[in-house]
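**Q** Take a look at the following structure, please.
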């Protein structure tokens, strides 16, 4: 039975003692309208006209250089919310494992969460396959993880 068909059926509240109401189905009557009137979801509107989006300012600087003995990765450390400077000391270079670094630009919470999740998935890969994950594979893994949230307002730019 599909979930939609279950949700469209009225609740059988006529039975004695259903929900501990002593057979008083009138206690569940919410009146006219829908319980969700006036509420909006954080998820996409699926065909309904979209509201104006937040204007994203661009400002994070991230640099990476490859040289004979390794790489140098640098990023600025300022976190802003519009004109407000939230912090001057944000770590925007995150260690995924001893051989992989990730940088973050955009929402600090989104970037931090997804890069920590990537670190965990890379560790699982190493334990299962008994070899380090490649940079390309780690990047593809991150892309596949966040793709299912496309259009849901993630604010994340990263370099692996």
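Numbering (full-length UniProt numbering), first residue to last: 1 to 160.
We put the beta carbon where it would ideally sit given N, CA and C, even for glycine.
Kindly list the residues whose CB is nearer than 7 Å to the CB of residue 59, restricted to its own chain and excluding five residues on each side of it in sequence; keep chain order.
**A** These residues qualify, in order along the chain: 80.
**Q** Is the region 94 to 107 close to the region 59 to 75, with three or more CB pairs under 8 Å?
**A** In short, these stretches touch, since the Cβ pair count reaches three.
**Q** To the nearest angstrom, how far is it from the Cα of residue 138 to the Cα of residue 125?
**A** Each residue's Cα considered, the two are about 10 Å apart.
**Q** By the three-class DSSP mapping on this structure, what secondary structure does residue 154 have?
**A** It is coil, neither helix nor strand.
**Q** Just how far apart, CA to CA, sit residue 131 and residue 123?
**A** So the two alpha carbons sit approximately 10 Å from each other.
**Q** Looking only at its chain, what residues have a beta carbon closer than 7 Å to the beta carbon of residue 1, apart from the 5 residues adjacent to it on each side?
**A** In this prediction, residue 1 has a pLDDT of 47, which is less than 50 and means its spatial position is unreliable; what the coordinates show is noted afterwards. For residue 1, where only same-chain residues beyond five positions count, there are no Cβ hits under 7 Å.
**Q** What are the boundary residues of the beta strand (DSSP E) that residue 77 is part of?
**A** Premise fails: residue 77 is in no beta strand (DSSP E) and is neither H nor E.
**Q** Please tell me whether residue 141 and residue 118 are closer than 8 Å, where the distance is taken between their beta carbons.
**A** The answer is yes: Cβ separation under 8 Å.
**Q** How far does the alpha helix (DSSP H) with residue 86 in it extend, from its first residue to its last?
**A** Unbroken run through residue 86 is the beta strand (DSSP E), 84 to 87; no alpha helix (DSSP H).
**Q** For residue 158, count the other beta carbons within 10 Å of its own beta carbon; 16 or more makes it buried, fewer makes it exposed. Which is it?
**A** It is buried - the Cβ of residue 158 has at least 16 other Cβ atoms within 10 Å.
**Q** Give me the Cα-Cα distance between residue 93 and residue 129, rounded to the nearest whole angstrom.
**A** Computed Cα separation, rounded: 27 Å.
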